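When we follow our numbering, the leftmost residue of the sequence shown carries the number 28, and every step to the right adds one.
Here's the structure, in structure tokens; my notes come after.
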Amino acid sequence: MIGDLFADLGAPDAGKTEPLAEGAMVLRGFALADAPALLAAVGEITAAAPFRHLETPGGFRMSVAMTNCGDVGWVSDRRGYRYQPLDPLTGNRWPAMPPLFLSLARRAAQAAGFGDFHTDVCLINRYAPGARLTLHQDKDEKGYTDPIVSVSLGLPAVFQFGGLSRADKTRRIRLEHGDVTVWGGPARLAYHGVAPLADGEHPATGPCRINLTFRRAL
Ligand code: SIN
Ligand code: FE2
């Protein structure tokens, strides 16, 4: 039934759950129906808190452009990585998390087996062709009891998913528009990254990929 619903949206794998590791999986097409509203909300958020290329503590400019919404936002500069309540670019609080973001994140966490997901921040990443995210762990949060919920929109990307040690073998998974990846429990601190984005044009986003990651920072 639900498969038929997704098939109407033109994504043959939609509705499938693909395991990546214990506690980690891809929910194919889970965000497909909400994608237009999610992208409209991203437009509103970035009008108040624009995308920017942050500097790493080592002094490099990140190829991914970022912003946030929620109670806090993730930032990086010469002083390190951290979450903070004010946007350093504007001096204002980050835009509030739209109700749809919250409900989608909670529904996806639930579908992945993580009930009662508490999320207080959504990192919004924009990848232009060539942009990438090197292998890392999401570990700037205060605790790791809640999973990470990551929504892919626009151009496809190759997601790298490894183990708890940087040297562990990584799997490469193609993430398409509308896919949602969830990792938590024993996989919460798994290393992951995104390979350089290939050139392309997507009807929903144009020449880029937008990724939303929901976390519990505080
Ligand atoms: C992240 O690791 O925070 C983002 C992952 C992605 O863009 O898929
Ligand atoms: Fe990450």
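Cβ atoms here follow ideal geometry from the backbone N, Cα and C, with glycine treated the same way.
As the structure is a prediction and not an experimental result, all values here were calculated from the model.
Could you pull the DSSP bridge partners for residue i from this structure?
| i | result |
| --- | --- |
| residue 72 | Answer by DSSP bridge pairing: none, since residue 72 is not bridged. |
| residue 110 | 101 |
| residue 188 | 198 and 219 |
| residue 242 | 148 |
For residue i, name the three-state secondary structure that DSSP assigns.
| i | result |
| --- | --- |
| residue 116 | coil |
| residue 90 | coil |
| residue 164 | coil |
| residue 234 | coil |
| residue 214 | helix |
| residue 51 | strand |
| residue 81 | coil |
| residue 63 | helix |
| residue 172 | coil |
| residue 145 | coil |
| residue 46 | strand |
| residue 159 | coil |
| residue 193 | coil |
Using a Cβ-based criterion (distance less than 7 Å to any ligand heavy atom), does residue i qualify as near the ligand FMN?
| i | result |
| --- | --- |
| residue 155 | With respect to the ligand FMN, the structure offers nothing, as its ligand set consists of the ligand SIN and the ligand FE2. |
Can you tell me whether residue i sits near the ligand SIN, meaning its C-beta is under 7 Å from at least one heavy atom of the ligand?
| i | result |
| --- | --- |
| residue 240 | yes |
| residue 165 | yes |
| residue 219 | yes |
| residue 192 | no |
| residue 184 | yes |
| residue 224 | no |
| residue 177 | yes |
| residue 152 | yes |
| residue 160 | yes |
Between which two residues does the alpha helix (DSSP H) carrying residue i extend?
| i | result |
| --- | --- |
| residue 126 | 126–138 |
Give the range of the beta strand (DSSP E) segment to which residue i is assigned.
| i | result |
| --- | --- |
| residue 181 | 175–181 |
| residue 198 | 198–202 |
Does the beta-carbon of residue i, which I'm using as the reference point, lie nearer than 7 Å to any heavy atom of the ligand FE2?
| i | result |
| --- | --- |
| residue 206 | no |
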